[in-house]
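Remarks on the structure that follows.
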Amino acid sequence: HIIEGTKAALKRLDQEYVDVLFCHRPEPFTPIEETVRAMNYVIDQGWAFYWGTSMWTPAQISEACEITDRLGVRPIVEQPIYSVLDRNKVEFEYVDLYKKYNLGLTTWSPLAYGALTGKNSGGTLEGSRMENPMFKAISPEFAARVEMAGKLKLVAQKLGISLAELALAWCVSNENVSTVMIGAKTPAQLEQNLKALEAVEKITPEVKAEIDALVPFVPELSRRWPSSFLRMRALS
1 HIIEGTKAAL
11 KRLDQEYVDV
21 LFCHRPEPFT
31 PIEETVRAMN
41 YVIDQGWAFY
51 WGTSMWTPAQ
61 ISEACEITDR
71 LGVRPIVEQP
81 IYSVLDRNKV
91 EFEYVDLYKK
101 YNLGLTTWSP
111 LAYGALTGKN
121 SGGTLEGSRM
131 ENPMFKAISP
141 EFAARVEMAG
151 KLKLVAQKLG
161 ISLAELALAW
171 CVSNENVSTV
181 MIGAKTPAQL
191 EQNLKALEAV
201 EKITPEVKAE
211 IDALVPFVPE
221 LSRRWPSSFL
231 RMRALS
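Sequential numbering from 1 applies to the sequence shown in UniProt numbering.
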């Protein structure tokens, strides 16, 4: 699937190769070694320069790195969710991997599925994802997150920036984050998001402490995805 999927993706992109190919969540019935071999085959064929993981557990990343030390190229980056409201993976689960494997991070959802845009405090916007019943089902805590975002808005106002700029700049300020992926839909949103780069210097230790006081981070053991349980059963 990895090999055929890569070939098909390159054809759609009309490209001969990509810089980094991500493997999104390990297939539950496939040994990690088989996945590692497939990703390294892709690199050997010149279809990608490097490969990375996406939404893998620390144990799975460690296993992949140990295998690739024998067989080929390590994953250079993990792609986890990360925002002021989603910190567990980046600031707790993966901490030991940064130095041990020199792991980079390409984080996604820095605006917490839109909660940190500052646009939802007055209720559901017409045409927003909050009108989608499926989104409400998978994100029942969204309203509570919007309430927390309201507290952070006060910090942004004191700094003279928007809430979205604060949220993005906060992610960029983490030294372990290599790249912050944004989901801008319009040129105007893209321009606003890019302004966050100018605000990074405003995210001082004092500002981070203020954010921590308003939205405390309490590390917790990871909740396994259903596929993790399938994998444990399949490989036991």
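For each residue, glycine too, the CB sits at the ideal point set by N, CA and C.
Checklist entry - If you draw a straight line from the C-alpha of K208 to the C-alpha of Y50, how long is it? => result Going from the Cα of K208 to the Cα of Y50 covers about 33 Å.
Item to check | Whole-angstrom C-beta distance between R145 and L85, which should lie under 8 Å | outcome: The Cβ separation is near 5 Å, so the contact holds.
Checklist entry - How about Q192 and S162: do their beta carbons lie closer than 8 Å? => result Contact: yes.
Item to check | Exposed unless 16 or more other CB atoms sit within 10 angstroms - verdict on Q79 | outcome: Classification for Q79: buried.
Checklist entry - In three-state terms, what does DSSP make of A38? => result DSSP places A38 in helix when its eight states are reduced to three.
Checklist entry - Does DSSP classify V18 as helix, strand or coil? => result V18 falls in the strand class under three-state DSSP.
Item to check | chain D contact for A59 (CB, 8 Å cutoff) | outcome: The structure shown contains no chain D, having only a single protein chain.
Checklist entry - Per DSSP, what kind of secondary structure is Y98 in: helix, strand or coil? => result Helix.
Item to check | M181, buried or exposed, once every other Cβ within 10 Å from all chains shown has been counted against 16 | outcome: M181 is exposed by the Cβ-count criterion.
Checklist entry - Under 8 Å between the Cβ atoms of L152 and L194? => result Taking the C-beta atoms as reference points, L194 is found no nearer than 8 Å to L152.
Checklist entry - So T117 and A164 are in contact, right, with Cβ under 8 Å, and what is the actual spacing, rounded? => result Taking a contact as a CB-CB distance under 8 Å, the pair T117 and A164 counts as one, their CB atoms being some 5 Å apart.
Item to check | Beta-carbon proximity list for Y17, same chain, < 8 Å, skipping 5 on both sides | outcome: Hits under 8 Å: L10, G46, W47, A48, F49.
Next on the checklist: Does E78 come out as helix, strand or coil in the three-state DSSP assignment?
Outcome noted: E78 sits in a strand when the DSSP states are folded into three classes.
Item to check | E206 versus D212 - alpha carbon distance | outcome: Going by the C-alpha atoms only, they are around 10 Å apart.
Checklist entry - Would you call I3 buried or exposed, if buried means 16 or more other Cβ atoms sit within 10 Å of its Cβ? => result Around the Cβ of I3, a 10 Å sphere holds fewer than 16 other Cβ atoms; the residue is exposed.
Checklist entry - So G72 packs on N40, CB below 8 Å; how close in whole Å? => result Contact flag correct, Cβ pair sits at about 4 Å.
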